[in-house]
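Read through the structure below, which is laid out as structure tokens, and then see the notes.
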Amino acid sequence: TEVEDGRTREYVKNVASGIKEHGEEITEKIAKNLKTGWTIERISKVDVSLLKLAIYEMNYMQTPFKIIINEVVNMAKKYGEDSSPAFVNGVLAKIVEENNSNSKEVADESNEQ
């Protein structure tokens with residue numbers, strides 16, 4: 001329907017402009033959570049795009065990470081290489097762990113005051 005098409009179009013525009021606006025920070029987060037010796041240039045463009053989408057939604061749209069990871073892993077199965085689902089899942093798991101430890105540190109600091 002036209003309403004759904006309008007919502008989808010608006011979502012895509014918001015996500016694309018958000019990823020562009022926060023691109024450097026998002027790319028750094030990906031690079032920081034890769035295995036030692038890996039660089040972002042070594043990753044397929046599909047996997048990088050999926051990771052950017054997931055990170056943007058988690059950090060800037062506050063979409064629950066479990067939903068995002070599930071959706072992005074499914075997209076990796078459909079559009080990526082054979083190793084893409086496990087790779088994307090692994091990187092996102094590290095990022096969620098990092099986000100959770102950062103949130104805990106902030107909570108601990110505010111409890112100390």
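Per the UniProt record's numbering, residue 1 is the first one in the sequence shown, and the count goes up by one each step. Glycine is no exception: its CB is placed at the ideal position from the N, C-alpha and C atoms.
Taking the alpha carbon of residue i as the point to measure from, which residue in the options has its own alpha carbon closest?
| i | options | result |
| --- | --- | --- |
| residue 143 | Glu98, Lys45 and Val91 | Within the shown structure, residues of the chain are numbered from 1 to 113, placing residue 143 beyond reach of any answer. |
| Glu97 | Glu24, Lys77, Ser84 and Ile69 | Ile69 |
| Ile43 | Gly80, Asn99 and Asn100 | Gly80 |
| Ile95 | Ile26, Glu41, Asp82 and Ser84 | Ile26 |
| Met58 | Asp5, Gly18 and Asp82 | Gly18 |
| Ala31 | Lys78, Pro64 and Asp47 | Asp47 |
State the DSSP-derived secondary structure class of residue i, mapped to helix, strand or coil.
| i | result |
| --- | --- |
| Ser110 | Annotation note: pLDDT 46 at Ser110 (below 50); position unreliable, coordinate value reported separately. Looking at Ser110 - three-state DSSP - the assignment turns out to be helix. |
| Ile55 | helix |
| Ile43 | coil |
| Pro85 | helix |
| Gly37 | coil |
| Met61 | coil |
| Gly80 | coil |
What does the alpha-carbon distance come out to for the pair residue i and residue j?
| i | j | result |
| --- | --- | --- |
| residue 202 | Ile67 | Nothing about residue 202 can be reported from this structure: the residues present for the chain run from 1 to 113 only. |
| Val73 | Thr39 | 21 Å |
| Glu10 | Tyr56 | 15 Å |
| Tyr60 | Arg7 | 18 Å |
| Asn33 | Asn14 | 25 Å |
| Lys45 | Ala76 | 11 Å |
| Asp82 | Asn99 | 27 Å |
| Val106 | Gln62 | Interpretation of Val106 is limited by its pLDDT of 49, a score under 50 that renders its predicted location unreliable; the figure taken from the coordinates is listed afterwards. Val106 and Gln62: Cα-Cα distance of roughly 17 Å. |
| Glu41 | Glu4 | 35 Å |
| Glu24 | Glu71 | 23 Å |
Are the segment 49-64 and the segment 91-101 touching, with three or more C-beta to C-beta distances below 8 Å?
yes
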